[in-house]
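>
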Amino acid sequence: MTAPTADRLTVESSPAAFLRRWRELSAAPGALRPVSIAITASFTVDTLLPYLGCLLAQRGLYASFTVAPFGQIYQSLLDPGSEVRAAEADVTLVLARLEDLCARPLADLATLEPVRVGEARADVHAEIERLCGAVASFEAATTGTVLVGTLPAPPTTPLGVLDASHPASRIQIGRECNLALWNAAQQRRRLRLIDVDQVIAELGAARAWDARMAVLAGCPLSTAGLRHLADHLTRAIAALVLPAAKVVVLDLDNTLWGGIVGEDGPGGIAIGPSGLGAAFAAFQDALLALRAQGVLLAIASKNNEADAFEIFDHHPGMRIRRDHLAAHRISWQPKSESLRELAGELSLGVDSFVFVDDSPTECAEVASVLPEVTVLQLPPEPARYVEALRAVPQLDRMTLTDEDRMRAAAYAAEKIRTAARAAAESDPDALRAHLRSLALVVHVRRIGDAEVARAAQLTQKTNQFNLTTVRRSEADIEAMRRDPAWRLYALDVTDRFGDYGTTGLVFARRVDDGATWDLDTVLLSCRVLGRGVESALLRVVTADLIAAGARRLTGRLIATKKNAPVRDFLPRHGFVALAGDGSGEAFVKEPLPGAPFDDEHVTAHLDHGER
Amino acid sequence: MKDGLHERLAALLGDVCGAPVSSLGPDAAPGKTPGWDSVATLGFIAAVEDELGISITTAEAMTIKTLGDMARLVAAKTGS
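Read top to bottom, the protein sequences are chains A and B. Position 322 of the first sequence, counted from 1, bears residue number 324 in the numbering used here, the numbering being contiguous throughout. Position 25 of the second sequence, counted from 1, bears residue number 87 in the numbering used here, the numbering being contiguous throughout.
Next up, the structure:
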C-alpha cells in the first residue's frame, strides 16, 4: 500500500508517504546536514512543512522550521523580539497572497467605481512598498537569506475574461506588485525571490488551488500545489546552501547532434536550424547558457577524435565550438575512465560533474563506477532534451558572481598557460623564468560586503588546497565579519594572461592571549596553485597579523580524501607540528615572520579598505 | 461495508499520525489518538482522497470526528 521508507519520494508521491517519512525524519534526522528555515506567511503553512522537509532531506538537508503565526508578516520581519528574527535562520521564507495583504483595496477595486479604483490601486502599491521595505529592513538586520515569494495570481477574478483589458484588472495589479518585488531584489544581495506565481502557473491554477483547504486549513493550496511549491522551494534552498555542479560532461552522437558521425558522416548528422537538427541546436544553446553561468563544458565520447572535431570546427549548424570546451576525452575507453581523466585535467572532483548521455548503458556504467557523479540520461525524444537538462537540480544556482560568469573564459586562458608551463617543466631554471614571465600579482584585502557571497562559495566548493575544509554559509561569514576577533582576507590574482578573480581566502582568529592568531581557514582555488601564490598570500597575511600584535601563528591540517595538495603547506612555510589534538594535525610557527619564502616572482600587496 | 476498508484507512491514518495501526479502532479520534492533531486531520483527508480517488466536500470533512466516521463516509461515496 505505501512505499518502503528507502524509496525516493517524488512530487507525485502520496501525501501519506510524505507524512510518514517526515515523522520518521523528525524523530531521527541521522547524518543530514542541518539547515534552519523560518517561515512567515499570510496563510497557514503547517501543511507545507512535511513536503518541504522530505524533499530537502533527499538533497541531504535536514530542515528545522520556525513558523510565525499566520498573518504576522510585518511583526515577524520588523520586531527584533519576534520568533522569526530570533531564529536567525539560514533561510527566511516570506509567502503572501495579495488577497490576504490587501483584502479591502481589492474589494474596492471590484466596485469598478472610477475614483475608488484609482485609490484602491494606490493603496495596493503602498502596501507592496511596505512589504518591500520590511523585507529590506529584515535583510539588513540579519545574516541569512530572505526568500520572498512572488504574489500568485488568483484562480479566478471578478471580471473574468474582461480582466485582461480593464483598468481595474486584478491580474495586472498583481503583476505590478511582483515587478516592485523584483526591483527590491536587485538592490539587495541576500534578498532573493521565489516565483510562486510561476510555480502555480506551471501546475495550472485549477490543480494548484483548493478552495476547500482555504476553509478547512487556512491554506489555499491543494496537496498537488503544496508538493510543487515544496519541490521548487527545495531547489532554491538547496542551491543556496549546497555547492553547484561545475562541469557538464557530454556525449556526442545522439546527444549534441542526431545520428552517428562515424557512420553517417558530417553531412548525415542532424544539427542546425531546421528539422530534427533544431532540437539539438536548442539543446546546444541551453548548454551554452549554462556555460555563461560558469559551468564548464567537456566531452566524453567514444568516437574518432578527428571525426568529432571536424564537426566542431566546420559544421555550419553547430552552436558549441571547440573553443567552448574546457576539456575532452574522445577515445574508446570506458566513459568512467574518461571522467576520471577529465577530473584530473580540470583539477576538479567528479562529484562536481553532471554526465549527460542518451545511452542507458553508458549512463549505467558511469553511475556504477562513479556513484558521486550526477548522471542525466536523456529522454528518447530530442525535443525534450532542454527540459531534461533544466530539471537537474545540481545545476541550479541562486546567486551568480563575477567569477562564475568569467569562469569558462578563465579555463580557456588556463589551457594556454598550461601549454606554456609544460614547455618549461623539464628544466628548473626554465620553470623559474616561466613563473617570472607570468608577472603574477596578488592583491590581498579584508573581505567586504560585496564579497561575502563569493567567499561562502569558495568555502563550499574548494576541496583540494583547503587546510581544514570548513564549509561556511554567507550567514556564517557575515557573523564572523562582525566579530573583532576575526580577520577575513580574500585574495585576487592576475597574470599577463588575465584575471583569475577572487580565488583564495584566509580566515584568522585571535586567540585569548592576543599574541596568537589561528589560521582557521586557508584555501586557494586550484586554478592558481603551483606558482607560489600561496606563499605570497601567507607572507602578506603574516605581515598584517604581526602589525595587529601577532607573535605566533597556529594552524591545523584536517586531511580529507581530496586535500593532498595542501598537506605540506604548513611545514613548507616554517610551521612545526605539535602532538595531534584529535581534530587534525596541529602546527605552530614562531617567531614571526620567519625565513623568507620562495615567492620573489610574485608581486603581493595588502590593499587597505574593503573593495 | 467493503472488506478491509477499515484496515486500509487505519494504515493511512497510521502513516499520517504515527500511531500503531493495531491501536486504531473505529472510535479513534483527534485528541484521543496520539499524533492525531489538526494538521494530521488534513493530511488524513488528503491521503484518503489520493489513495481512494474520491473527493470529500468541506461539509463532509467537518463531520468526520472518528476513524469510523471516515469509513462510513468513504463507504457511502464508493457505493459499497
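By construction, the Cβ of each residue, glycine as well, lies at the ideal position given by its N, Cα and C atoms.
Whole angstroms is fine: what's the gap from valine 263(A)'s alpha carbon to arginine 419(A)'s?
Rounded to the nearest angstrom, the two C-alpha atoms are 32 angstroms apart.
> What residues from the region 20-51 of chain A come within 7 angstroms of chain B, judged by C-beta to C-beta, listed N to C?
Within the region 20-51 of chain A, the residues whose Cβ lies closer than 7 angstroms to some Cβ of chain B are Leu21, Arg22, Arg25, Asp48 and Thr49, listed in chain order.
> Identify whether glycine 264(A) lies in helix, strand or coil by the three-state DSSP scheme.
In this structure, glycine 264(A) counts as helix in the three-state DSSP scheme.
> Helix or strand or just coil, what does DSSP make of glycine 1(A)?
Chain A is shown from 3 up to 613; residue 1(A) falls before or after that span and cannot be answered.
> In chain order, which continuous runs of the beta strand (DSSP E) of length 3 or greater are located wholly inside the region 477-507 of chain A?
Entirely contained in the region 477-507 of chain A, the beta strand (DSSP E) runs reaching 3 residues are, in chain order, 488-497.
> What beta strand (DSSP E) runs, 3 residues minimum, are completely inside the region 230-284 of chain A?
Those beta strand (DSSP E) runs which fall completely within the region 230-284 of chain A and span 3+ residues are 249-252.
> Is it buried or exposed, leucine 521(A), if we count other Cβ atoms within 10 angstroms and call 16 or more buried?
Buried, because 16 or more other Cβ atoms sit within 10 Å of the Cβ of leucine 521(A).
> Taking the alpha carbon of arginine 386(A) as the reference point, which residue from Val86(A), His234(A), Thr257(A) and Ala124(A) has its own alpha carbon closest?
That would be Thr257(A), whose Cα lies nearest to the Cα of arginine 386(A).
> With a CB to CB cut of under 7 angstroms and the five nearest residues on each side skipped, what residues in its chain are close to glutamine 74(A)?
Answer for glutamine 74(A): Thr42, listed in chain order.
> Do we get a CB-CB distance below 8 angstroms when we pair serine 16(A) with the residues of chain B?
It does: the Cβ of serine 16(A) has a partner Cβ on chain B nearer than 8 angstroms.
> Which bits of chain A does aspartate 131(B) rub up against, with CB to CB less than 9 angstroms?
Simply none; closest approach about 15 angstroms.
> Using a Cβ-Cβ cutoff of 9 angstroms, what residues of the region 85-97 of chain B are near chain A? List them in chain order.
Under the 9 angstroms Cβ criterion, the region 85-97 of chain B contributes Gly97.
> To the nearest whole angstrom, what separates the beta carbons of threonine 68(A) and alanine 89(A), a pair I think is in contact under 8 angstroms?
Their Cβ separation, rounded to whole angstroms, is 4 angstroms, which keeps threonine 68(A) and alanine 89(A) in contact under 8 angstroms.
> To the nearest angstrom, report how far apart alanine 155(A) and leucine 79(A) are at their CA atoms.
Rounded to the nearest angstrom, the two C-alpha atoms are 24 angstroms apart.
> With distances taken between CB atoms, is the gap from lysine 248(A) to leucine 402(A) smaller than 8 angstroms?
The answer is no: Cβ separation not under 8 angstroms.
> At a CB-CB cut-off below 9 angstroms, which residues of chain E make contact with valine 163(A)?
In the structure shown, chain E cannot be found, because the protein chains are A and B.
> Check this for me: beta carbons of glutamine 466(A) and proline 567(A), under 8 angstroms apart or not?
Cβ distance < 8 angstroms, so glutamine 466(A) and proline 567(A) count as in contact.
> Apart from the five residues on each side of it in sequence, which residues of its chain come closer than 8 angstroms, Cβ to Cβ, to leucine 327(A)?
Only Leu299, Ala300, Ile301 and Phe314 meet the Cβ criterion.
> Please confirm if alanine 5(A) has its CB atom under 8 angstroms from at least one CB of chain B.
In this prediction, alanine 5(A) has a pLDDT of 34, which is less than 50 and means its spatial position is unreliable; nothing more can be read from the coordinates.
> Give the secondary structure of glutamate 587(A) by DSSP, where H, G and I count as helix, E and B as strand, and everything else as coil.
Of the three classes helix, strand and coil, the one that applies to glutamate 587(A) here is strand, per DSSP.
> In this structure, how does DSSP classify phenylalanine 314(A) when only helix, strand and coil are distinguished?
Helix, per DSSP.
> Classify asparagine 180(A): buried if its beta carbon has 16 or more other beta carbons within 10 angstroms, exposed otherwise.
Per the 10 Å Cβ criterion, buried.
> So, with DSSP's three-state summary, where would you put alanine 329(A)?
Looking at alanine 329(A) - three-state DSSP - the assignment turns out to be strand.
> Measure the CB-CB distance between glutamate 312(A) and alanine 329(A) and report whether it falls below 8 angstroms.
Going by C-beta atoms, glutamate 312(A) is not nearer than 8 angstroms to alanine 329(A).
> Just grab the DSSP bridge partners of tryptophan 211(A) for me.
Its beta-bridge partners are Leu223(A).
> How should methionine 124(B) be labelled, buried or exposed, when 16 other C-beta atoms within 10 angstroms of its C-beta is the threshold for buried?
Classification of methionine 124(B): exposed, given that the 10 Å Cβ count is below 16.
> Based on the DSSP output, what are the partners of proline 573(A) in its beta bridges?
Answer is none; proline 573(A) lacks a bridge partner.
> Who pairs with isoleucine 301(A) in a beta bridge, going by DSSP?
Answer is Leu252(A) and His330(A), bridged to isoleucine 301(A).
> Less than 8 angstroms between the C-beta atoms of alanine 458(A) and glutamate 476(A), yes or no?
Cβ atoms of alanine 458(A) and glutamate 476(A): closer than 8 angstroms.
> Using a Cβ-Cβ cutoff of less than 7 angstroms, which residues in the same chain neighbour leucine 292(A) once the five nearest sequence positions on both sides are dropped?
Contacts found: Val250 and Leu397.
> Of the residues that make up the region 113-128 of chain B, which ones have a beta carbon closer than 9 angstroms to any beta carbon in chain A?
If the cut-off is 9 angstroms between Cβ atoms, the region 113-128 of chain B has Glu113, Ser117, Ile118, Thr119, Thr120, Ala123 and Met124 near chain A.
> Give the residues of chain A in contact with glycine 66(B), contact being defined as C-beta atoms less than 9 angstroms apart.
Here the premise fails: no neighbours, minimum Cβ distance about 10 angstroms.
> Short of 7 angstroms in beta carbon distance, which residues of its chain neighbour leucine 344(A), apart from the five on each side in sequence? Order them along the chain.
Excluding positions up to five away in sequence, the list reads Val251, Ala300, Ala302, Ala329 and Arg331.
> Would a check of beta-carbon distances place alanine 72(B) closer than 8 angstroms to chain A?
False, the Cβ-Cβ gap to chain A never drops below 8 angstroms.
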